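Okay, structure first, notes after.
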Amino acid sequence: MDARAILAQGWLDSEEHTLADFLEYPDSDLFTKAKLSYLYIQDMKRKGVYQYQRPLMSACENRVLMYDEQTGWTREMIMMASNNYLGLATHPKVMQAALQATRDYGTGLCGSPMLSGTTRLTRQLEEKLAAFVGCEDAILFPTGYAANVGAISALVRQKDVVFIDKIDHASIIDGCHLSHGDMRLFKHNDIEHLSGQLQKYAPQFNGKLIAVDGVFSMDGDITPLPDVVALAAQHGARVMIDEAHALGVLGKSGRGTLEHFGLDGKVDVVVGTCSKALGSKGGFAASTKEVVNHLRYYARSYMFSTASAPSLVASTLAALEVIEQEPQWRQRLWENIRYLHRYLKALGFHVIPEQPESAVIIVEIGDEVKLRQMSKYLHNAGIYTNAVPFPAVPRNRGRFRLSVMATHTRQDLDETLDAFAKMRTKFDLAPYRPVLVQDIRIRARQVRDALVLAAF
Ligand SMILES: Cc1ncc(COP(=O)(O)O)c(C=O)c1O
């Protein structure tokens, strides 16, 4: 890439680049890379394929009002990109708790928890979160990102090592970078590879940690936790799990991956976020009382950051109560997950994972230029979904990431399926595998028509 030539012409073709191209750019001016990435985003916007940071004019419910920057109009869209899995961000009890806490405590705590920013409410939440995930104690961080970064960098120090799944969340990776220990990757959900890595490297280090996502956010599948726990025991390693996409979704009562596998109390550190099924914001790490105590003094993202606002703390507390008292939301969520997964597959898409495992459903497209055009098509069809290109996923494995919510109606899902079916026809997408006509029982008439068109 000749930066001088590109900057002189004031234009670059976004179809020939990805965001990864502008991360490193060797130049005496630090800002050259920023000027290039700016042109890249401008070109995407010009082509109408920029679908990020779309401003909402309403809550993140099943249908949203979105301000369309291209047309200047506000329009309704079906929201298939929010992690508000149980719909609790607008549950009356949860909203009421946030309002009451704001009245009682004001809008912010204006200090780090260590010095001036904690309340009785915060402590109540920590205790409730700990009990929810079956640990002795928990510590509340400003975000899930901060929880992963803080917990790993406080526990893993020089001559320690973390074994991480290759597609673990960025905050786990950043925690490893910030720690003074080493990091070893293993192939996604590949227990044999993890075993090999442990055999090879564990003896070279002091403390050992295996850190995995419970549900992987870009593949929607679950970590093989029983095998991870067994391997950790063999090698004297501790296990940490990030339950961001599992809490409220997995397990008989929504307690996450541990409950799903019947492994309560078998994982050493449970990290989670309040920003997805819990409908609020904040993160936590739960463990033994000694570990939690240690994090309070050594996790820098806790120590040197202002505490969560009282409204967020109170709404998370209320959301946990709703999860315990109103199981119908999780039941509806799973009905919706199964429905959407089944019929996306019937439409001939490459759906990941093969069977529904979480509220994240992936439709892999592959080619990224096509993905961008399809993303524009879905946007125009009123479907708010996320196209995920490289570098968030491997090159040429671009995909749509759909987040299912308990509050989606059958009509929302059918209209989404309809748009996907028509998109498949329009872009002449080959079926991932032959569609078995006798398996197709999609109820919405429009979807059935489009499907027949697409299959033949
Ligand atoms: C797996 C995973 N871990 C951690 C996080 C970070 O959580 P938060 O958004 O609360 O910072 C996310 C959210 O994006 C996530 O998907």
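Those letters in the sequence shown? Residues 9 to 464, by this note's numbering. For glycine and all other residues, C-beta sits at the position ideal for the given N, C-alpha and C. Since the structure is predicted, the reported quantities are computational estimates derived from the model, not experimental observations.
Distance from the Cα of Cys143 is smallest, within the candidate group Met382, Ile249, Phe428, Ser319, for Ile249. Rounded to the nearest whole angstrom, the C-alpha separation of Val330 and Ala139 is 15 Å. Short of 7 Å from the beta carbon of Lys434, and not among the five residues preceding or following it, lie these beta carbons of its own chain, in chain order: Tyr385. Distances from the CB of Asp221 to the heavy atoms of ligand 1 include at least one below 7 Å.
Within the same chain, Cβ atoms closer than 7 Å to the Cβ of Gly244 are found at Lys216, the five residues on either side in sequence being excluded.
Here the alpha carbons of Leu27 and Glu376 stand approximately 12 Å from one another. Gly125 carries a coil assignment under DSSP once its states are collapsed to helix, strand and coil.
With respect to the C-alpha of Val368, the residue from Ala326, Gln50, Met88, Arg12 having the closest C-alpha is Met88. Counting only runs of 4+ residues, the alpha helix (DSSP H) found wholly inside the stretch 178-245 occupies 178-186, 199-209, 233-243, in chain order.
The distance from the Cβ of Ile14 to that of Leu38 is about 17 Å, inconsistent with a contact at the 8 Å cut-off. Taking the Cβ of Asn156 as the reference point, at least one heavy atom of ligand 1 falls within a distance shorter than 7 Å.
Residue pairing by DSSP places Thr82 opposite Tyr75 in a beta bridge. Excluding sequence positions up to five before and after Asp272, its CB lies within less than 7 Å of the CB of Gly142, Leu266, all in the same chain and listed in chain order.
In this structure, the C-beta of Tyr385 stays at least 7 Å away from each heavy atom of ligand 1.
Three or more beta-carbon pairs separated by less than 8 Å link the stretch 174-186 to the stretch 220-230, which places the two stretches in contact. When DSSP states are grouped into helix, strand and coil, Tyr306 belongs to the helix group. Scanning Phe428, Ala400, Thr115, Pro211 for the CA closest to the CA of Asp29 turns up Ala400. In the DSSP assignment, the residues bridged to Ile249 are Val220, Val278.
Under the three-state reduction of DSSP output, His358 falls in the strand class. DSSP places Tyr48 within a helical segment (H, G or I) once states are collapsed to three. Annotation for Ser161: the continuous alpha helix (DSSP H) segment containing it runs 152-163. Gly95 is positioned such that its CB atom lies closer than 8 Å to that of Thr415. Placement of the Cβ of Thr231 at a distance of 7 Å or more from every heavy atom of ligand 1 is found. Ser383 sits in a helix when the DSSP states are folded into three classes. Ser36 sits in coil when the DSSP states are folded into three classes, being neither helix nor strand. Between Leu355 and Arg432, the gap from beta carbon to beta carbon is short of 8 Å.
Listed in chain order, the non-local C-beta contacts of Lys378 below 7 Å within the same chain comprise Phe435, local neighbours out to five positions each way being set aside. No heavy atom of ligand 1 is found nearer than 7 Å to the CB of Asp173. Pairing Tyr60 with Lys101, the inter-Cα distance amounts to about 31 Å.
If you draw a 10 Å sphere on the C-beta of Asn388, you find fewer than 16 other C-beta atoms in it, and that means exposed. Looking at the DSSP output, Ser295 bridges to Asp145. Within its own chain, no residue has a Cβ closer than 6 Å to the Cβ of Gln363 once the five positions on either side in sequence are excluded. In the structure shown, the three-state DSSP call for Ile175 is coil.
Restricting attention to Gly204, Phe269, Phe149, the CA atom closest to the CA of Phe194 is found in Gly204. Collapsing the DSSP output to three states places Met87 in a strand.
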